[in-house]
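J.: Provided herewith is a single structure, encoded as structure tokens, for subsequent inquiry.
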Amino acid sequence: MYIEVDTHRAPVIPGARAEKMSHAFPFSAIVGQDEMKLAILVAAVDPSVGGVLIFGDRGTGKSTAVRALAALLPKMKAVVGCRYGCDPARPFCSKAEPCAGRAGGKSALVGVPVVDLPLGATEDRVVGALDIERALTEGSKHFEPGLLARAHRGFLYIDEVNLLEDHLVDLLIDVAASGENVVEREGLSVRHPARFVLVGSGNPEEGELRPQLLDRFGLAVDVRTPQDLATRIEVIKRRDAFERDAEAFAARWKKDEDATRRRLVRARERLPEVQLGDEALARIASLCMGLGTDGLRGELTLMRAARAYAALQGDAAVADAHIRTVARPALRHRLRRDPLDDTDAGVRVERVLAEVFGTAA
Numbered sequence: 033m034y035i036e037v038d039t040h041r042a043p044v045i046p047g048a049r050a051e052k053m054s055h056a057f058p059f060s061a062i063v064g065q066d067e068m069k070l071a072i073l074v075a076a077v078d079p080s081v082g083g084v085l086i087f088g089d090r091g092t093g094k095s096t097a098v099r100a101l102a103a104l105l106p107k108m109k110a111v112v113g114c115r116y117g118c119d120p121a122r123p124f125c126s127k128a129e130p131c132a133g134r135a136g137g138k139s140a141l142v143g144v145p146v147v148d149l150p151l152g153a154t155e156d157r158v159v160g161a162l163d164i165e166r167a168l169t170e171g172s173k174h175f176e177p178g179l180l181a182r183a184h185r186g187f188l189y190i191d192e193v194n195l196l197e198d199h200l201v202d203l204l205i206d207v208a209a210s211g212e213n214v215v216e217r218e219g220l221s222v223r224h225p226a227r228f229v230l231v232g233s234g235n236p237e238e239g240e241l242r243p244q245l246l247d248r249f250g251l252a253v254d255v256r257t258p259q260d261l262a263t264r265i266e267v268i269k270r271r272d273a274f275e276r277d278a279e280a281f282a283a284r285w286k287k288d289e290d291a292t293r294r295r296l297v298r299a300r301e302r303l304p305e306v307q308l309g310d311e312a313l314a315r316i317a318s319l320c321m322g323l324g325t326d327g328l329r330g331e332l333t334l335m336r337a338a339r340a341y342a343a344l345q346g347d348a349a350v351a352d353a354h355i356r357t358v359a360r361p362a363l364r365h366r367l368r369r370d371p372l373d374d375t376d377a378g379v380r381v382e383r384v385l386a387e388v389f390g391t392a393a
């Protein structure tokens, strides 16, 4: 299933398959998988965290959680008619074409896009290409935006991300690092913003993710099939109720969804005010040093994630509890591999947490 975004955001890509559902499975109704849901919410509060990688067993709610996010997110302001969903406060979306926002165009509240990137997508479909139809009928060159343009200011979701072709991986690494999509082909020269939260899911049994792309994900979580009877039964009951009557099921969970949405909005408003003291920074740096992570991306990600989690909790400053909660998803995929130590990455993080904080994490 591909989630269809508002039609004013960008024209429908030729050949794209889209289905509309009246209701997505409610985010609040997902049973368990607390770390996955928390990571998604943290990335939604602060996109600079760098996205979420969800690895685990098949049928554990990975794609369901991501698609439920689309219905949960509060709407955003965008310039009407802009092909890139331009922010009215910054109407300079492309250096190759005028934006309606520069001329004081109207703005409207629109849904935050959550765009699927299919594994079989061509490079032209992802980055955009020459509009062949207009070239043939009008004899002029026009740029047809791709999936990266549709995902601007939203989320780009890749299911089975570990199976993505290498040339698309390289492309995503460049765009994720720069926040811009540059197209130089067929006489076109286009540069437009492509700032999105990258969300990937996959099954580790089907192959590993390239280290270059793995490092671009801010948070990484592992999801497993529930092993207790009560949880499995509850999952089955809720899924069955949703499939039998999606509208009634969504209505039953509307109160919880609205509460989560309000919590998310308040966290975004509170985020700039959350304090991060030197003691908290020392904890963060000590954790990364103890784990031997390369570079400083681990510290930066953990800092942003802890601050976003504190905002979600309604706290004014980052405390040890916030750092502990987000340390595993922020650091587990940044550890060096030790051929003599096959300990799970999450366990290694917990071990260093206990050393740094002096208690069992």
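Taking our numbering, I'd label the letters of the sequence shown as residues 33 to 393.
The beta carbon of each residue, even a glycine, is placed where N, CA and C say it ideally should be.
It should be emphasised that the depicted structure is a prediction, and the values quoted were computed from it without experimental measurement.
#1: Verify the CB distance criterion: does residue 256 have a CB-CB separation below 9 Å to chain D?
#2: If contacts are defined as beta-carbon pairs under 8 Å, then residue 350 and residue 307 qualify, I think. What distance do you get, rounded to the angstrom?
#3: Which of helix, strand or coil does DSSP assign to residue 53?
#4: Just to confirm, are residue 79 and residue 282 a CB contact at a threshold of 9 Å?
#5: Can you grab the Cα-Cα spacing for the pair residue 233 / residue 355, in whole Å?
#6: For residue 155 and residue 194, which I take to be in contact (beta-carbon distance under 8 Å), what is that distance rounded to the nearest angstrom?
#7: Could you check how far apart the C-beta atoms of residue 140 and residue 181 are, in whole angstroms? I think they sit under 8 Å.
#8: To which residues does DSSP link residue 189 through a beta bridge?
#9: For residue 285 and residue 98, what's the separation of their Cα atoms in angstroms?
#10: For residue 216, name the three-state secondary structure that DSSP assigns.
#11: What's the gap between the Cα of residue 214 and the Cα of residue 77?
#12: Give me whichever residues DSSP pairs with residue 387 in a beta bridge.
#13: Exposed or buried, what is residue 83 when buried is set at 16 or more other beta-carbons lying within 10 Å of its beta-carbon?
#14: Please state whether DSSP places residue 86 in a helix, a strand or coil.
#15: Going straight from the alpha carbon of residue 110 to that of residue 231, what length do you get?
#16: Give me the Cβ distance between residue 293 and residue 61, rounded to the nearest whole Å; I'm assuming they're in contact under 8 Å.
#17: Going by DSSP, what residues sit across from residue 223 in a beta bridge?
#18: Roughly how many whole angstroms lie between the Cα atoms of residue 206 and residue 90?
#19: With the cut-off set at 9 Å, would you say residue 335 and residue 363 are in Cβ contact?
#20: In three-state DSSP terms, what is residue 175?
T.: Straight from the coordinates:
#1: No chain D is part of this structure, which consists of one protein chain only.
#2: In the sequence shown, counting from the first residue as 1, residue 350 sits at position 318. In the sequence shown, counting from the first residue as 1, residue 307 sits at position 275. At roughly 7 Å, the Cβ-Cβ gap stays under 8 Å, so residue 350 and residue 307 are in contact.
#3: Counting from 1 along the sequence shown, the entry for residue 53 is found at position 21. With a pLDDT of 43 at residue 53, under the threshold of 50, the modelled position of this residue cannot be trusted; read the value that follows with caution. Residue 53: coil per DSSP, three-state reduction.
#4: In the sequence shown, the residue the question calls residue 79 occupies position 47. In the sequence shown, the residue the question calls residue 282 occupies position 250. No, the pair does not count as a contact, with Cβ atoms beyond the cut-off.
#5: Locating residue 233 in the sequence shown gives position 201, counting from the first residue. Locating residue 355 in the sequence shown gives position 323, counting from the first residue. In a straight line, the C-alpha of residue 233 is about 24 Å away from that of residue 355.
#6: Here residue 155 corresponds to residue number 123 of the sequence shown, with the count starting at 1. Here residue 194 corresponds to residue number 162 of the sequence shown, with the count starting at 1. About 19 Å; that fails the 8 Å criterion.
#7: Indexing the sequence shown from 1 puts residue 140 at position 108. Indexing the sequence shown from 1 puts residue 181 at position 149. That pair is no contact at about 18 Å.
#8: By 1-based counting over the sequence shown, the position of residue 189 is 157. 148, 231.
#9: On the sequence shown, residue 285 is found 253 positions in, with the first residue counted as 1. On the sequence shown, residue 98 is found 66 positions in, with the first residue counted as 1. Rounded to whole angstroms, residue 285 to residue 98 spans 17 Å at the Cα level.
#10: Here residue 216 refers to the residue found at position 184 when the sequence shown is read from its first residue. DSSP places residue 216 in strand when its eight states are reduced to three.
#11: Here residue 214 is taken as the residue at index 182 of the sequence shown, counted from 1. Here residue 77 is taken as the residue at index 45 of the sequence shown, counted from 1. Cα to Cα, residue 214 sits roughly 27 Å from residue 77.
#12: Stepping through the sequence shown from its first residue, residue 387 is reached at position 355. None, per the DSSP bridge assignment.
#13: As a first step, residue 83 must be located in the sequence shown, where it is residue number 51. Buried, by the Cβ-count rule.
#14: On the sequence shown, residue 86 is found 54 positions in, with the first residue counted as 1. Three-state DSSP puts residue 86 in a strand.
#15: On the sequence shown, position 78 is the one that residue 110 refers to. On the sequence shown, position 199 is the one that residue 231 refers to. C-alpha separation (whole angstroms): 22 Å.
#16: As a first step, residue 293 must be located in the sequence shown, where it is residue number 261. As a first step, residue 61 must be located in the sequence shown, where it is residue number 29. Between residue 61 and residue 293 the Cβ distance is about 14 Å, and since that is not below 8 Å, they are no contact.
#17: Here residue 223 refers to the residue found at position 191 of the sequence shown. DSSP output for residue 223 lists 214 as bridge partner(s).
#18: Against the sequence shown, residue 206 aligns to sequence position 174. Against the sequence shown, residue 90 aligns to sequence position 58. Distance between the alpha carbons of residue 206 and residue 90: 29 Å.
#19: Indexing the sequence shown from 1 puts residue 335 at position 303. Indexing the sequence shown from 1 puts residue 363 at position 331. Not in contact: residue 335 and residue 363 (Cβ atoms no closer than 9 Å).
#20: Taking the sequence shown and counting its residues from 1, one reaches residue 175 at position 143. In the structure shown, residue 175 sits in a strand (DSSP, three-state: E or B).
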